[in-house]
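Asks: Below is a structure I'd like to ask you about.
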Amino acid sequence: MMIHENVVSLVDIYTPDSSPENLKSVYIVTEYAGMSLFTIMKRQRESGRVQLTPDHHQFIIYQLLRALNFNKDTKLQVIHRDLKPSNLALTSDCDLTVLDFGQARTLDNNGVNLTEYVMTRWYRSPEVMFWKIGAYDQQADMWSVGCILGELCLGHVLFQGDDWFAQYELIARLCGSPDDILMGKIKENEGVYNVLKHHGKCPRQQFSKIFPSDSPDLIDFLERTLVLDPERRMTVEEGLAHPYLHKYSMPDDEPVADHPFVIEHGNDNNLTLPRWKGEFLYIS
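Numbering (full-length UniProt numbering), first residue to last: 1 to 284.
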């Protein structure tokens, strides 16, 4: 179990059923973490009243990176794989909790096999949604962080595509088309490579024109986070040290796990439903 003040805490898990054959209900009890960021932003849009200021934005992103940073030095890292405003909760003091690790996976040096349908499309990284080459790592979560920050600044979803192609169009219009270096990697996926090759080139936009009211540090943070190539995208550790978050940065209070976090059977898709029920009754 991950114990971190920015990660939701499990209080209890139980079932009133006594056998695998009768198991129909499972109750998961967690700490109360406040209102979802999605709900807060929705109310802000509907009311026209600013509830989250630029200072709040900084503090939210700092706490989010602080949570993601927890596993940086362990042999097995954790990828959340579904970061979005509805999976982030805030208290009235703006204390953030990351929720819903139902899609989370651990990874070793080989990464995690690519699965497209693990993230909500609007926050899904290009390597998960489009390239589908090799495996992905925590950099996929960093793309989601950039999408969330962009949404906080603009007041609406940054890349709100209705389908695969529409999503790519929106991303390419802001972040540009893959350059020759990235296209060389994408070539491993011949189908995607051919589609992108004939799509035409989109130049990367000046983020300062898209976010004209925001600080140079925030714009630089976004520019380094919303990068198509995950190998050139800012890491969690680099994000925590970025000037944009300097106001809240406390390196001495950014805990790191002292042992690997392992999701039991987390990558095993072969267990039958009766087996899963038996495993649950055993641990509960």
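C-beta: ideal position from N, C-alpha, C; glycine also. Predicted, not measured: the structure shown is a model, and the values here were computed from it.
#1: Just to confirm my understanding: we take His56, look at its own chain, exclude 5 residues before and 5 after, and list those with CB closer than 7 Å. What are they?
#2: With a threshold of 6 Å on Cβ separation, who are the neighbours of Gln205 within its own chain once the five nearest residues in sequence on each side are excluded?
#3: Could you say which of Arg49, Phe130, Val50 lies nearest to Gly191 if we only look at CA atoms?
#4: Which two residues bound the contiguous beta strand (DSSP E) that contains Leu96?
#5: Between Gln160 and the rest of its own chain, which residues show a CB-CB distance below 6 Å, the 5 nearest in sequence each way excluded?
#6: Counting along the chain, where does the alpha helix (DSSP H) carrying residue 357 start and finish?
#7: Strictly by DSSP, which residues pair up with Val7?
#8: Using DSSP with H/G/I as helix, E/B as strand and the rest coil, what is Val29?
#9: Can you tell me whether Ser177 is buried or exposed? The criterion is at least 16 other CB atoms within 10 Å of its CB, across all chains shown.
#10: Residues in the same chain with beta-carbon distance under 6 Å from Ser36, minus the five sequence neighbours each way, listed in chain order, please.
#11: Taking 8 Å as the cut-off, decide whether the C-beta atoms of residue 285 and Leu182 are in contact.
#12: Can you tell me where the alpha helix (DSSP H) with Arg66 in it begins and where it stops?
#13: Quick check: does the Cβ of Val7 come within less than 7 Å of any heavy atom belonging to the ligand ADP?
#14: With DSSP collapsed to three states, give me the class of Tyr14.
#15: Note down the Cα distance separating Ile79 from Ile210, rounded to an integer number of angstroms.
#16: Please identify the residue among Leu96, Cys153, Arg124 whose C-alpha is closest to the C-alpha of Ala140.
Replies: Quick answer:
#1: Same-chain partners within the cutoff: Cys94.
#2: So the qualifying residues of the chain are Leu174.
#3: The residue with the shortest Cα to Cα distance from Gly191 is Phe130.
#4: In the DSSP assignment, Leu96 falls within the unbroken beta strand (DSSP E) covering 96-98.
#5: The answer, listed in chain order, is Trp122.
#6: Outside the displayed span of the chain (1 to 284) sits residue 357, for which this structure offers no information.
#7: Answer is Val98.
#8: Assignment of Val29 by DSSP, reduced to helix, strand and coil, places it in the strand class.
#9: Classification for Ser177: buried.
#10: Short of 6 Å from the beta carbon of Ser36, and not among the five residues preceding or following it, lie these beta carbons of its own chain, in chain order: Ser86, Ala89.
#11: For residue 285 there is no data in the structure shown, the boundaries of the chain being 1 and 284.
#12: From DSSP, the alpha helix (DSSP H) with Arg66 extends over 54-68.
#13: The ligand ADP is not part of this structure, which contains no ligands at all.
#14: Three-state result, Tyr14: strand.
#15: Distance between the alpha carbons of Ile79 and Ile210 is about 29 Å.
#16: Considering only alpha carbons, the answer is Arg124.
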